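Taking UniProt numbering as reference, the numbering of the sequence shown is continuous, increasing by one, and the terminal residue is 328. Below is one structure, written out as structure tokens, with a few remarks after it.
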Amino acid sequence: MAFPYYKESKTGRILLTGLLGLTLANSGVSVLFSYLGKDFWNALSAKDTADFYNVLQKYLGALLLGAPVATFYKYQREQLAVHWREWMTARTFSLYASNRVYYNIERSNAIDNPDQRIAEDVNTFTAYSLQLVITLLTSLIDLLSFATILWSIYPQLFGAIILYAFGGTFITTLLGRSLVSLNFSQLQKEANFRYSLVRLRDNSESIAFYGGEDLEGQAIERRLENVMGNQRKINAAQRNLELFTNSYRYLVQILPVAVVAPKYFAGEIPLGVISQSVGAFNHILSDLSIIVNQFERLSSFSAGIERLSGFYQAMREADLERADDGPL
Numbered sequence: 001m002a003f004p005y006y007k008e009s010k011t012g013r014i015l016l017t018g019l020l021g022l023t024l025a026n027s028g029v030s031v032l033f034s035y036l037g038k039d040f041w042n043a044l045s046a047k048d049t050a051d052f053y054n055v056l057q058k059y060l061g062a063l064l065l066g067a068p069v070a071t072f073y074k075y076q077r078e079q080l081a082v083h084w085r086e087w088m089t090a091r092t093f094s095l096y097a098s099n100r101v102y103y104n105i106e107r108s109n110a111i112d113n114p115d116q117r118i119a120e121d122v123n124t125f126t127a128y129s130l131q132l133v134i135t136l137l138t139s140l141i142d143l144l145s146f147a148t149i150l151w152s153i154y155p156q157l158f159g160a161i162i163l164y165a166f167g168g169t170f171i172t173t174l175l176g177r178s179l180v181s182l183n184f185s186q187l188q189k190e191a192n193f194r195y196s197l198v199r200l201r202d203n204s205e206s207i208a209f210y211g212g213e214d215l216e217g218q219a220i221e222r223r224l225e226n227v228m229g230n231q232r233k234i235n236a237a238q239r240n241l242e243l244f245t246n247s248y249r250y251l252v253q254i255l256p257v258a259v260v261a262p263k264y265f266a267g268e269i270p271l272g273v274i275s276q277s278v279g280a281f282n283h284i285l286s287d288l289s290i291i292v293n294q295f296e297r298l299s300s301f302s303a304g305i306e307r308l309s310g311f312y313q314a315m316r317e318a319d320l321e322r323a324d325d326g327p328l
């Protein structure tokens, strides 16, 4: 679904190229701050006043570079997401409106709520898929950069983080696998509930004339109960998932220090190296724990992709049916 945009839109390719450049720059700034942080704590631990203020000046200089890079990195990503959504929404609506596809879809009742799929699912797809791809790219760059740093400090710590991250990913996937289907169902139930409210508004005159308020109200209440019932199931699944993920995140605050502390107590490394190892450990863990950190959003995103791909499939089938039927 993403390929046609980058193939056909020159503006999209330009925005993407700029974003990739800023992604590399942003990762470079992170590595720079890692080394400056190490020097900062080494100077503080050694009570070296001259070196401390020298590092402080470098840190402030790096801040003047890093802040604009981080700001424009986020801005460029948002600009690309907006342009992509505009292009994809227009293209999707064009397919929906052409050759009376909308009529065949409504007549066949093949899918629910095409309006939501055009207005909301396209937005979710463009915004989060872009974020996901850039996050994966950033994670790969960070992983290569900080793995080198961590390996040079203490290879055993690098091995510990690999086991920790993959163990966390496995358990998270196991605990949260039900969320994908629950989120898909929630999107459908929310859309049905909203449709019943729109139906009441659009048919208010006839409903009032025939006294259908009670019947319509009962239908709305049933759909609201469906929404709330499914939401409670989602909440329970998220609770179980977060019991693990919160413990996973809290433990990481002391794990790298606990692993390298013996080398510090033995006088083999200075305090600044511990600070750098903690920073590198957290970067690598974040890179390797994308599923742990993003599982809830990934499950919602997967549900949205299913709905959007189902919509495109229904439009293709409706277009073929229209061609076979001939003019109305």
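Yeah, the Cβ is synthetic: ideal placement off N, Cα and C, and Gly gets one too. Predicted, not measured: the structure shown is a model, and the values here were computed from it.
Distance check for residue j and residue i, CA to CA, integer angstroms please.
i	j	result
D112	K189	10 angstroms
N192	V227	9 angstroms
S108	S98	17 angstroms
E317	I105	9 angstroms
Y35	V101	59 angstroms
L197	L187	16 angstroms
L328	E120	Reliability of the predicted coordinates at L328 is poor, the pLDDT of 39 falling under 50, and the value obtained from them is presented with this limitation in mind. C-alpha separation (whole angstroms): 31 angstroms.
A62	K38	14 angstroms
I269	A261	9 angstroms
L224	R194	9 angstroms
W87	S181	29 angstroms
T89	V259	51 angstroms
K233	I220	20 angstroms
Are residue i and residue j close, meaning C-beta to C-beta below 8 angstroms?
i	j	result
N42	G310	no
R85	N123	yes
L144	S277	no
R307	R177	no
T169	S302	no
L285	A165	yes
I134	R77	yes
Could you have a look at residue i and say whether DSSP puts it in helix, strand or coil?
i	result
M1	coil
I269	coil
V252	coil
N109	coil
K47	coil
N104	helix
N203	coil
R77	helix
S9	coil
G211	coil
P327	For P327, the predicted structure reports a pLDDT of 44, less than 50, and the residue's modelled location is therefore unreliable. A value from the coordinates is still provided. Note: P327 maps to coil in three-state DSSP.
R117	helix
Identify which residue in the options has its Cα closest to the Cα of residue i.
i	options	result
H83	E242, L298, L130 and L150	L130
L320	Y103, Y73, S286 and E225	Y103
L60	I171, P155, L163 and L32	L32
Between residue i and residue j, which are expected to be in contact by the criterion C-beta below 8 angstroms, what is the C-beta distance as a whole number of angstroms?
i	j	result
Y96	M315	6 angstroms
L298	N240	Rounded, the Cβ-Cβ distance is 17 angstroms, inconsistent with contact.
I149	A280	5 angstroms
A237	L179	5 angstroms
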